[in-house]
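> Residue numbers (my numbering): 542 to 902.
All C-beta atoms in this analysis are idealised placements derived from N, C-alpha and C, irrespective of residue type, glycine included.
Dropping the structure in here first, questions after.
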Amino acid sequence: MNDFKKVRRALISLSDKTGAVDFARSISALGVEIISTGGTAKSLRDAGLSVTDVSDVTGFPEMMDGRVKTLHPKIHGAFLALRDNTEHVEAMKKHAIEPIDLVVVNLYPFEQTIAKEGVTLEEAVENIDIGGPAMIRSASKNWRDVAVVTDPALYESIIEELNVNDCSLSLNTRQRLAVLAYTRTASYDLAISAYLAKQLSDKDLAFLEPHNPLGHLVFIEADEFAEGRNTSGSECAPTENAIVTSSELPDHLDLQLTKVTDLRYGENPHQKAALYKTDEPGGIANAEQLHGKEMSFNNYVDAEAAWNLVSDFEELAVAIIKHTNPSGAGVGATNEEAYRRALSTDPVSAFGGIVAFNRAV
542 MNDFKKVRRA
552 LISLSDKTGA
562 VDFARSISAL
572 GVEIISTGGT
582 AKSLRDAGLS
592 VTDVSDVTGF
602 PEMMDGRVKT
612 LHPKIHGAFL
622 ALRDNTEHVE
632 AMKKHAIEPI
642 DLVVVNLYPF
652 EQTIAKEGVT
662 LEEAVENIDI
672 GGPAMIRSAS
682 KNWRDVAVVT
692 DPALYESIIE
702 ELNVNDCSLS
712 LNTRQRLAVL
722 AYTRTASYDL
732 AISAYLAKQL
742 SDKDLAFLEP
752 HNPLGHLVFI
762 EADEFAEGRN
772 TSGSECAPTE
782 NAIVTSSELP
792 DHLDLQLTKV
802 TDLRYGENPH
812 QKAALYKTDE
822 PGGIANAEQL
832 HGKEMSFNNY
842 VDAEAAWNLV
852 SDFEELAVAI
862 IKHTNPSGAG
872 VGATNEEAYR
882 RALSTDPVSA
892 FGGIVAFNRA
902 V
């Protein structure tokens with residue numbers, strides 16, 4: 542198998558168009574044909590770029606208020622066909638399917654939509670992307686032949702690699718991009734599931750629990766995914782068959798705690814929670830929030846873990862925490878150096894994590 546694959550055709554379909562024009566201009570200058578949809582195609586044309594409408598490829602117009610655009614064999618066949626498979630190549634010729642080598646897609650802003658005050662169920666549902674995840678999954682399955690870019694932050698590195706490799710991307714790059722792509726669709730679907738679960742009654746949730754394919758993960762806090770976070774990974778409360786003996790618990794427990802605030806809910810949407818603090822100074826419970834929406838239960842747990850980790854260091858340190866586990870930690874002469882070292886430990890798992898510095902930022 543050739544390690545490098547030439548990029549000749551690209552499909553670009555974006556909700557977040559940050560950097561899209563510059564990226565498209567760069568690949569167009571390398572001779573790449575650009576296929577696009579709706580608003581993305583318009584923005585690229587307005588910038589003076591040559592664009593082929595996806596409807597010209599499929600032979601079908603975009604329909605149903607844009608709900609159906611790319612769900613077509615001439616699109617997904619162009620992603621999924623194995624270039625070294627004779628039967629696949631013959632099928633492409635028979636049905637006039639031309640391969641697509643680069644897929645640049647990001648999704649409707651579902652997480653941001655449900656984070657808005659007063660959002661309705663109808664508004665949330667309209668921001669559930671169907672075609673985007675389908676394209677990401679199809680193209681990522683064939684990462685041997687196709688590259689999938691789901692984050693504008695990656696545009697610069699992709700262009701750099703194309704420029705130095707005769708408009709080709711390496712197998713390693715394509716595989717790494719596929720991992721990120723599947724991580725994105727997984728977090729997106731879990732955010733949708735969690736939000737819809739919040740619309741159900743406790744009785745409905747209890748009914749669904751035995752059938753939850755994620756086991757004891759239950760229904761994850763949707764707000765975690767509005768921040769790009771992954772699942773909490775924690776187990777539910779004990780089942781009715783679980784036995785806790787009195788010897789496992791202390792005879793007396795005296796805690797002097799002061800409530801800081803009620804939280805929207807606990808580790809899972811059906812649980813209640815509040816934040817309490819002791820009279821001791823320091824700690825996340827005593828910290829002042831300078832920006833952003835109200836923190837969740839899981840945010841506080843991870844923030845406390847992150848702060849505890851960096852507090853163990855006298856030298857300048859940074860920690861990145863996901864589900865109370867460090868996905869990375871680093872020390873350095875500057876905040877930037879320490880952060881880059883922490884991020885390099887596991888840049889995939891760090892996505893959406895809580896970052897703590899033990900120096901002022």
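Apart from the five residues just before and just after K863, which ones in its own chain have a Cβ nearer than 8 Å to its Cβ?
Cβ within range, chain order: R770, N771, D843, S890, A891, G893, G894, I895.
> Quickly, what does DSSP pair I699 with across the bridge? List them, please.
I699 pairs with nothing; no bridge assigned.
> Grab me the residues of A688's own chain with a C-beta within less than 6 Å of its C-beta, minus the 5 sequence neighbours each way, in chain order.
For A688, where only same-chain residues beyond five positions count, the Cβ hits under 6 Å are L643, L710, R715, L718.
> Less than 7 Å between C-beta atoms, sequence neighbours within five positions excluded: which residues of the same chain meet that for A883?
Taken in chain order, the residues that qualify are V859, A860, I861, G869, A870, G871.
> Could you spell out where the beta strand (DSSP E) holding P614 opens and where it closes?
Here P614 belongs to no beta strand (DSSP E); instead the alpha helix (DSSP H) covers 614 to 621.
> Could you pull the start and end residues of the alpha helix (DSSP H) that V851 belongs to?
Note, V851: alpha helix (DSSP H), 838 to 852.
> Using a Cβ-Cβ cutoff of less than 7 Å, which residues in the same chain neighbour A680 once the five nearest sequence positions on both sides are dropped?
Excluding sequence neighbours, A680 sits near F620, V644, V687, V689.
> By Cβ distance, which residues of its chain are closer than 7 Å to I733, with the 5 residues on each side in sequence left out?
So the qualifying residues of the chain are F651, I669.
> If you follow the alpha helix (DSSP H) that S577 is part of, which residue opens it and which one closes it?
Per DSSP, S577 belongs to no alpha helix (DSSP H); it is in the beta strand (DSSP E), 574 to 577.
> Please work out which residues of its chain come closer than 6 Å, Cβ to Cβ, to S567, disregarding the five sequence neighbours upstream and downstream, and give them in chain order.
Correct list, in chain order: I700.
> Less than 9 Å between the C-beta atoms of A622 and A632, yes or no?
Cβ atoms of A622 and A632: closer than 9 Å.
> Identify the continuous alpha helix (DSSP H) that holds A879 and give its terminal residues.
Segment 876 to 886, the alpha helix (DSSP H) holding A879.
> Smallest Cα separation from R586: which of D820, L712, T726, A565?
With distances taken between Cα atoms, R586 lies closest to A565.
> Using only alpha-carbon positions, find the residue among T865, L857, G659 that is nearest to Y880.
When only C-alpha atoms are compared, the closest one is L857.
> Between S599 and the rest of its own chain, which residues show a CB-CB distance below 7 Å, the 5 nearest in sequence each way excluded?
Contrary to the premise, residue 599 reads as Thr rather than Ser in this sequence. If we look at T599 and ignore the five residues flanking it on each side, its Cβ neighbours are H613, K615, I616.
> Identify which residue in A847, V573, E845 has its Cα closest to the Cα of D707.
Residue V573 is the option with its Cα nearest to D707.
> Taking C-alpha atoms, which residue in V592, E702, K546, A747 lies nearest to L712?
Closest option to L712, Cα to Cα, is K546.
> Check this for me: beta carbons of V660 and T654, under 9 Å apart or not?
Against a cut-off of 9 Å, the Cβ pair of T654 and V660 comes out as a contact.
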